[in-house]
Every structure is written in structure tokens, then in C-alpha cells.
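**Q** In this text, residue positions in the sequence shown follow the working numbering: the first is 74, and each later residue adds one. Cβ coordinates follow ideal geometry from the N, Cα and C atoms, glycine included.
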Amino acid sequence: MIFCTNHLVDKGVVVDDRLQTSHEAIFAAGDIAEHNGYLYGSWHAAQFQGTIAGLNSIGKDVKFGGIPRSNTLKVLGLDMVSIGQFMAEDGSFMTISNKDENAYFSFTFHDGYLVGSIMLGDTEISGKVKKAIESKANFQELVSGGVNTKEVIDFIKKISLGNSPIKPYNITATFLPGVDLFK
Ligand SMILES: Cc1cc2nc3c(=O)[nH]c(=O)nc-3n(C[C@H](O)[C@H](O)[C@H](O)COP(=O)(O)OP(=O)(O)OC[C@H]3O[C@@H](n4cnc5c(N)ncnc54)[C@H](O)[C@@H]3O)c2cc1C
């Protein structure tokens, strides 16, 4: 209550990229933290932000760049998952999709990276798709020559994406390329 009265609170407790609140000694993570206008409201985000807030609170300098938002729904009895930036914003994005009797897939790419996807009817690979987006797996070569959704799915199944990106020791390789959190 005292915090809310004296510090920056909007939809949640407002934090900057280091997950620091408007009080320099207080960091926030998880459901309470509002970053760039977003309240993530998921266990995955809470754990990842908690790691970053914890590291910053002991003097490290680690930035939270946001994570792809994802939703899982049942639509007319079919499973549907949407992840990240699944609509092309402008001509610099490329979206490919298919539609057959059993499933619909769409994959959106930007600068050779997969940035978003919609899967309807068959969501088995959604975990791998999410990891491919978060880990910035490079699709440049695959998409440069024209590609269909089956080839993208086969590629995602084949590439090694490591373990869960929420494990602290994988953060460097997945969310924050080039930043060594544990120096
Ligand atoms: C019914 C339900 C289902 C969900 N299912 C999913 C799911 O399938 N997948 C998913 O990713 N997320 C799911 N979520 C969301 C997920 O649980 C939260 O995003 C996550 O738990 C947030 O973690 P947190 O540590 O920020 O907050 P919390 O887990 O809420 O932890 C906050 C803790 O602070 C304690 N607390 C509160 N006030 C005080 C106080 N004044 N003093 C001391 N302690 C206090 C609370 O008791 C609580 O233990 C679900 C949430 C709900 C409610």
C-alpha cells in the first residue's frame, strides 16, 4: 500500500528493462510487474523475470527484452496456439501458411528469424516453435529460397534448441545472445 502510494503503479508495478521499480532498491517480477505496458500473467514469464530481477538486485546488469506472448485455446473443439508476432506488420515480414482438412499452420518470419506462428488442429510442435522463436533460431537459408509449412515444421523438429530457456544457465544462449549473466 505504501509502495503504491509513493511509486509508479499503472496496471501493475511499473518496471524498467532491469525490472527495477521507481524505487531504486526494489525490483519486481511476475504477475505484479508491468513491463512496457505488459502484464504477462504466466508462470514462464514470472520465473524468467524472477531470475533477472534477482541478478540485478545483487548488482548485475541484465536486461529483460520481453518474451513472445502465447495463447492456447480450444476453438470449435480444435486446439489452437498462437505465439509471438503472428501477423505481418509490413512488407518486411513474410508469412507462409497452409490449410488442409486436419490442421492449419502459419509461420511469420522477419530478417530470417521466425517471429510468430499460429497452429490450429495440430499443436504438437508448439513447444519447439516457441523455443525456436525465443532462441532466435536462424531460418535465413531455409526461407530465402521459398519454403512451405511442411518444410518449416521438419526444420523445427530437426534443429537442436537446447533445454528449456527458463533455466538460468540457458538465458545467455536463448533470450540474451552475447550477454554472459554469470561473469
Ligand atoms: C487458476 C490459475 C491457473 C493458472 N494456470 C496457469 C498455467 O497453466 N500456465 C501459466 O503459465 N500460468 C498459469 N497461471 C498464472 C501463474 O500461476 C502466475 O502467472 C504465476 O504464479 C505468477 O507468479 P508470481 O510469483 O508472480 O505470483 P504468485 O504465484 O501469485 O505468488 C505471489 C505470492 O505472494 C504471496 N503474497 C501476496 N501478498 C503478500 C503479502 N502482502 N505478504 C506476503 N506474501 C504475499 C501470495 O500468497 C503468493 O504466494 C494460473 C493462475 C491461476 C490463478
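For residue 151, collect the residues of the same chain with a Cβ closer than 8 Å to its Cβ; drop the 5 residues on either side in sequence, then sort them by chain order.
**A** Within the same chain, residue 151 has close Cβ partners 193, 194.
**Q** Is residue 157 near ligand 2 - that is, is its Cβ less than 7 Å away from at least one heavy atom of it?
**A** For ligand 2, the structure offers nothing, since it holds only ligand 1.
**Q** Could you say if the stretch 118 to 128 and the stretch 167 to 174 meet the contact criterion of at least three C-beta pairs nearer than 8 Å?
**A** No: the two stretches stay apart, fewer than three of their Cβ pairs being nearer than 8 Å.
**Q** For residue 81, collect the residues of the same chain with a Cβ closer than 6 Å to its Cβ; drop the 5 residues on either side in sequence, then sort them by chain order.
**A** Same-chain partners within the cutoff: 87, 95.
**Q** Taking buried to mean at least 16 other C-beta atoms within 10 Å of its own C-beta, is residue 204 buried or exposed?
**A** Result: buried.
**Q** Under 8 Å between the Cβ atoms of residue 43 and residue 215?
**A** Given a span of 74 to 256 for the chain in the structure shown, any question on residue 43 remains unanswerable.
**Q** At a cut-off of 7 Å, is residue 258 close to ligand 1 when judged by its beta-carbon and the heavy atoms of the ligand?
**A** Lying outside 74 to 256, the shown extent of the chain, residue 258 is not represented and no answer is given.
**Q** What is the rounded straight-line gap between the Cα of residue 174 and the Cα of residue 113?
**A** Rounded to the nearest angstrom, the two C-alpha atoms are 34 Å apart.
**Q** Kindly indicate the opening and closing residues of the alpha helix (DSSP H) around residue 224.
**A** Segment 222 to 231, the alpha helix (DSSP H) holding residue 224.
**Q** Below 8 Å CB to CB, which residues in the same chain sit around residue 176 once its five sequence neighbours on both sides are set aside?
**A** Hits under 8 Å: 192, 193, 194, 195.
**Q** For residue 177, write down the residues that DSSP places opposite it in a beta bridge.
**A** Bridge partners of residue 177: 172, 193.
**Q** Mark residue 155 as exposed unless 16 or more other C-beta atoms lie within 10 angstroms of its C-beta, in which case mark it buried.
**A** Residue 155 is buried by the Cβ-count criterion.
**Q** Quick one: does the C-beta of residue 119 sit closer than 7 Å to a heavy atom of ligand 1?
**A** Yes, ligand 1 has a heavy atom inside 7 Å of this Cβ.
**Q** Only counting the same chain, and skipping five residues up and downstream in sequence, which positions put a Cβ closer than 8 Å to that of residue 211?
**A** Excluding residues within five positions, the ones whose Cβ falls inside 8 Å are 185, 186.
**Q** Do you know offhand how far residue 83's Cα is from residue 117's?
**A** Whole-angstrom Cα-Cα distance: 22 Å.
**Q** Just confirm the distance between the C-beta atoms of residue 90 and residue 137, as a whole number of angstroms; I'd bet it's less than 8 Å.
**A** The Cβ separation is near 6 Å, so the contact holds.
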